[in-house]
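Written below as structure tokens is the structure these notes are about.
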Amino acid sequence: MKRRTFIQAMISVGTSSLLAENSRAEHNKVSLRFLRPPAALAEDEFLSRCIRCGKCGEVCPNRCIQYFDLENGLSSMDTPYIIPRDKGCILCMKCGEACPSGAIPPVAREMHTILDNVHMGKAVVNEELCLSFQGKTCGVCYRACPLQDVAIRVGRLEQPHVLKDCVGCGLCERACIQIPQAIRIIPDYERAKT
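Using my numbering, read the sequence shown as starting at 47 and increasing by one per residue.
Below is the structure:
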């Protein structure tokens, strides 16, 4: 076999493997619930602007930003994401300061600016799982929220009530002691489909 034919065959096998892996990832990506970093652009624009430099994760003091391999498809490879059950975003807004492409615009760390510009998702409470709705006092999600009484408030027995200004940082989901968790963040890209 000539060297050129061998190299072409190897490239063909590699490309076929990559396409098959991407096809599997595209099929499985609906099952992965993730958040983009705070103030990230809408998904399509974010993917076109993100240069996959990793600077957002390097400056994250909470180390909540991870990077996709192929599990969310080839178009998402090396882009930043957050899994709220693993670690929530503390809304320090350093990722936007570090982003050189504008995929994550800079946002001042002031409450009104965060409320206007950060839309990662929205918390939803499952009252059947929540201890506070079962007659036991908990309130862990409320105490974890950096926007108490703006994004979430508590009622009798510390029953959590999510308010319209929830930005979806994920700290409440991370703090929830229930398995499965009684409060979850529904990412903005999922809420847009409904």
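From the three backbone atoms N, C-alpha and C, an ideal C-beta is built for every residue, glycine too. Computed from a predicted model, the values in this text were never measured in an experiment.
- With a 10 Å radius around the Cβ and a threshold of 16 neighbouring Cβ atoms, L217 comes out buried.
- Under the criterion of beta carbons closer than 8 angstroms, V171 and L137 do not qualify as touching, at roughly 20 angstroms.
- Here the alpha carbon of L116 sits roughly 6 angstroms from the alpha carbon of M123.
- Classified as buried, I231 has 16 or more neighbouring CB atoms from the shown chains inside 10 Å of its CB.
- Excluding five sequence positions before and after P151, the CB atoms of its chain that fall closer than 6 angstroms to its own CB belong to A85 and G142, given in chain order.
- For R189, same chain residues with a beta-carbon under 8 angstroms away, outside a window of 5 residues either side, are A221 in chain order.
- For L78, the CB contacts under 8 angstroms within the same chain, skipping 5 residues up- and downstream, are E117 and N118 in chain order.
- A169: member of the beta strand (DSSP E) spanning G167 to V171, first to last residue.
- The three-state reading of DSSP puts R155 in coil, since its state is none of H, G, I, E or B.
- Listed in chain order, the alpha helix (DSSP H) runs fully inside the stretch 75-99 are 89-95, counting runs of at least 4 residues.
- Distances from the CA of I111 to each of C215, Q224, C184 and P226 were compared; the closest alpha carbon is that of C215.
- When DSSP states are grouped into helix, strand and coil, I150 belongs to the coil group.
- Distance from the CA of R202 to the CA of I225, rounded to the nearest whole angstrom, comes to 23 angstroms.
- Between the beta-carbon of R155 and that of M166 there is about 15 angstroms, and that puts the pair past the 8 angstroms contact cut.
- Here E219 is buried, its C-beta having at least 16 other C-beta atoms within 10 Å.
- When rounded, the separation of the alpha-carbon atoms in K133 and I97 is 24 angstroms.
- From the listed residues I223, R109, V196 and D162, the smallest Cα separation to L175 is found for I223.
- Contact between A149 and L87 holds: CB atoms are separated by about 6 angstroms, below the 8 angstroms threshold.
- Rounded to the nearest angstrom, the gap between the Cα atoms of F179 and L93 is 40 angstroms.
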